[in-house]
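The opening position of the sequence shown corresponds to residue 759 in the working numbering, with each subsequent residue numbered one higher. Down below is the structure, laid out as structure tokens.
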Amino acid sequence: MSARVLVVDDDPDVCETMQLVLEDAGCEVLVATDGRTTLDLLRNGAAPCLVLLDLMMPGMNGWQFLEAARREGLLDGIPVVVVSGGRFRKQEVLALGVAGYLEKPLDFDRLIGTVREYCKGV
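What follows is the structure, encoded as structure tokens:
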């Protein structure tokens, strides 16, 4: 069984690129374009080994998603790595209680390394 990774980003090009790179590495990839869709996937048992989360999205953004998902216990045992081009300071992002931070544009070797850190079978 391959590792299931949940990619959350409102940019279709970013989603497609991450999906192709991760699938090539042997992952099963679920994609959501906003926080609400991500909540629905988790509520319906998506059970990823890792969530790769953009913060700046329309509708329900990454901050709002984190707050709602934690309140419902949907992220218990699931690490979240923020993937953003917002040029946040690493300390700011890690203060959100996430496992890590990857800046856009993505370094694909670093992306795969991060997934391997949290997911077995990659």
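C-beta atoms are modelled at their ideal positions from N, C-alpha and C, and glycine is treated no differently.
- Rounded to the nearest whole angstrom, the CA to CA distance from residue 863 to residue 871 is 16 angstroms.
- With a threshold of 16 other beta carbon atoms within 10 Å, residue 798 falls short and is exposed.
- Only residues of its own chain outside the window of five on either side were considered, and among them 840, 848 and 851 have a CB closer than 6 angstroms to the CB of residue 859, listed in chain order.
- Taking every protein chain shown into account, the CB of residue 778 has fewer than 16 other CB atoms within 10 angstroms, so this residue is exposed.
- Counting only the Cα atoms, residue 833 lies some 25 angstroms from residue 845.
- In this structure, 806 is the residue among 772, 806 and 867 with its C-alpha nearest to the C-alpha of residue 838.
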